[in-house]
Amino acid sequence: MGTFVGHFVPGLAFTILGLWHTHNTIRSYKLKGPSNFSSSTWFPFPSPISILHHLELYLLVSFSILAAVLQLLGSDLLTLSFNPVDFEHATMFLHVVIYSAVAIAVDVSSSDTLSGLVGALAASVFGQELLLLHFHSTDHVGLEGHYHWLLQVIVAVSLLATMVTTGAPNSFVPAVLRSVSVLFQGAWFIVMGFALWVPSLAPKGCHAVGSGSTGHRHGAVACGDPSEGLKQVHASV
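As C-alpha cells, this is what we get:
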C-alpha cells in the first residue's frame, strides 16, 4: 500500500462504501422509525436479480482477495525475502474476506442467533486495522507519522461505533457515526496518497524520499523542519 495507487484505490473504495452505508442507514431509520430501526454492517443491493442481493459483500470479497494477492506478489518470493509490511496488509484484507463470507453465510441461513457474530467480526476488522496502524513495521515518523496518527483516530471511532451497534443494534447515532467514519477513512487515505506520494505536492521544506537501498516501493516525505510537516497535516484537516 506504500504507493499513491495503494492509497488512492482503497481510499476510493472506503469512500464509496461509507457513502453507501450512510445513505442506507439514514434511509432505513426514516422508513422503519426509531422503534423498529436496526443497524447493519452491510446492506442488500436493490435488484430483482437475487444473486445481486449480496453484491456489497461479493465486491468486498473480490477486492480484498485481489488486494491480498497483490500485496503478497509485492514481496520477493523467489529469494524468500518477505517484507512484513506486505504480509500485515495481506492478513488485514483476508480478515475482510472472512467477515464477508460469514456475513453471506449467516444471511443465507437466516440465523438470528448468529447475527451478532457478523457485527463482532466487523469490529475485529477495524480492531486489526487499528493495531496495524499503531504497531506498523514501517517506521512512520515526521509528516507520515502525523497522517497515520490522525487515521488511527478515525479507525478508533469506526471500531467503537461498531462495537456499540453490535451490542445495541437499535442505536441510530452510533450506526451513522460508523458509516460516516468509514467515509472519512476513505477520504483520508486519498489525502495521504496525494500528500505523501505526489512529490509536487510536498510542503515547502519537505521532499519525497525512498525507503533506502532495498529498492522497495515504499516511500515517504521528509521535512527539514518538522513544523512544516505538521502545518501541512493541519491544512489537510
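Residue 299 is where the sequence shown starts when you use my numbering, and the numbers rise one by one after that. For every residue, glycine included, the Cβ atom is placed at its ideal position computed from N, Cα and C.
What do you get for residue i, buried or exposed, if any count of 16 or more other CB atoms within 10 angstroms of its CB means buried?
i	result
W486	buried
A466	exposed
D384	buried
N468	exposed
F306	buried
F433	exposed
G510	The predicted position of G510 is uncertain, since its pLDDT is 43 and thus under 50; no value can be drawn from it.
H339	It should be noted that the sequence gives Thr, not His, for residue 339. By the 10 Å Cβ count, T339 comes out buried.
A403	exposed
I247	Summary: the structure shown does not reach residue 247, with the chain confined to residues 299 through 535, and so no result is reported for it.
L449	buried
P472	buried
G331	exposed
V367	exposed
V416	buried
Cβ atoms of residue j and residue i: under 8 Å apart, would you say?
i	j	result
A399	L370	no
S456	T320	no
L358	V480	no
N322	F341	yes
L353	A401	no
T313	G484	yes
G304	I488	no
V540	I324	Residue 540 is absent from the structure shown; the chain starts at 299 and stops at 535.
F470	Y327	yes
Smallest Cα separation from residue i: which of the options?
i	options	result
T460	L441, W447, L419, L494	L419
L494	V519, Q483, G484	V519
F395	V423, P346, L448, E386	A quick correction: the sequence has Val, not Phe, at residue 395. It is V423 whose Cα lies nearest to the Cα of V395.
S362	L353, F391, T301	F391
A506	V480, F482, V489, E442	E442
Q426	A454, H444, V404, S407	A454
K277	V406, I347, F470, C521	With the chain covering 299 to 535 only, the question about residue 277 has no answer from this structure.
P382	L430, P332, V489	L430
S337	V462, V367, T411, H393	V462
I464	S413, S345, R325	The sequence given here has Thr at residue 464, not Ile. It is S413.
I446	A311, L458, M490, I347	The question names Ile, but residue 446 is His in the sequence shown. If we check each option's Cα against that of H446, M490 comes out closest.
V406	L329, C504, P344, H351	H351
P344	W318, A365, S333, Y397	W318
Any beta carbon from chain B within less than 8 Å of residue i's own beta carbon?
i	result
T301	Judged by its chain identifiers, the structure shown contains no chain B, having just a single protein chain.
Can you name the residues that DSSP bridges to residue i?
i	result
A506	V519
Return yes when the C-beta of residue i is under 7 Å from any heavy atom of the ligand PLP, and no when it is not.
i	result
Q369	This structure does not include the ligand PLP; it has no bound ligands of any sort.
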